[in-house]
Every structure is written in C-alpha cells, then in structure tokens.
Amino acid sequence: AGIRCGGDIALGVPFTDMKAGLGFFDTISGGGLAQIIAFIGALELGFGLRQAEIEEACERYQENFPISSVVPFDIDRVSGIELNNGRAAQMGILALMVHEKLDNNPYIINDLLGSPVPFN
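Take the sequence shown: its letter number 20 is residue 20 in my numbering, and every next letter is one higher.
Here is the structure:
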C-alpha cells in the first residue's frame, strides 16, 4: 500500500527508501538488519522468560471461552484446527515470496485477471 514508518531504520537510511517484499534485503544496511535481528531476539528472550505465565493465561482463556461452555469441544481438536490455519497462512506467505522472485510480482492473480499491481 506504500505506507511506511517514519524515521530511520539505520543512521541516514529512512524507512521510505526501503523496497517492498524481498527487495528489502537489497536496500537495508548491515546496521538496520542487526537492529531487526536484535529486536526479534529481545522478543524471543522475553517470551522465553515468561513462557509458563503466557501458556497458563492462554489455557485459562481457552477454558473460559464462551463457545466451549455451549458445545463440548475437544480442546485438542480446536488447537489442531488453529495450528493448521497457521500453517496455511505460512504457505500463502511462502507462495507470495516465490512469485515475487519469479517475476517480481507477488500478486500473480491480479495479472491473470487483467488488473496488475505496481510492485517495486
């Protein structure tokens, strides 16, 4: 959509200069990439330190979910459905990445329907 964060991703490199999609890796500096990796690492470390609390809160939420009190759902079945939805979303993202590398157009269905989207 062309919307970018304000500010710089690295010293002197604004977010507005970054390409979309995998072209991002062609325009990012080493400092910007290190910043992103450090941020993801901090998120993972924070989750690791509080994992038990987060899992307990999720289990309490599932137990009190309104639909489970109306219909006796099997929690494993519902969890399996959610995992499969996540896997399907990951495959969709992978497909967008593959199509972008094939012809620099991740939204191939738009081309097929005669409505191409400008991308990078």
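Cβ coordinates follow ideal geometry from the N, Cα and C atoms, glycine included. Every value quoted in this text rests on a predicted model; they were computed, and no experiment measured them.
Let's test the definition: count the other Cβ atoms within 10 Å of the Cβ of residue i and tell me whether it reaches 16, buried, or not, exposed.
{"i": "I28", "result": "buried"}
{"i": "E53", "result": "exposed"}
{"i": "E100", "result": "buried"}
{"i": "I75", "result": "exposed"}
If you follow the beta strand (DSSP E) that residue i is in, where does it begin and where does it stop?
{"i": "D8", "result": "8-10"}
Could you tell me which residues DSSP pairs with residue i in its beta bridges?
{"i": "P14", "result": "D8"}
Measure how close the beta-carbons of residue i and residue j come, nearest whole angstrom, since I'm counting them as under 8 Å.
{"i": "F15", "j": "G6", "result": "7 Å"}
{"i": "Q51", "j": "A10", "result": "Not confirmed; about 31 Å, so no contact."}
* Which whole runs of the beta strand (DSSP E) in the region 43-113 are 3 residues long or more, in chain order? -> none
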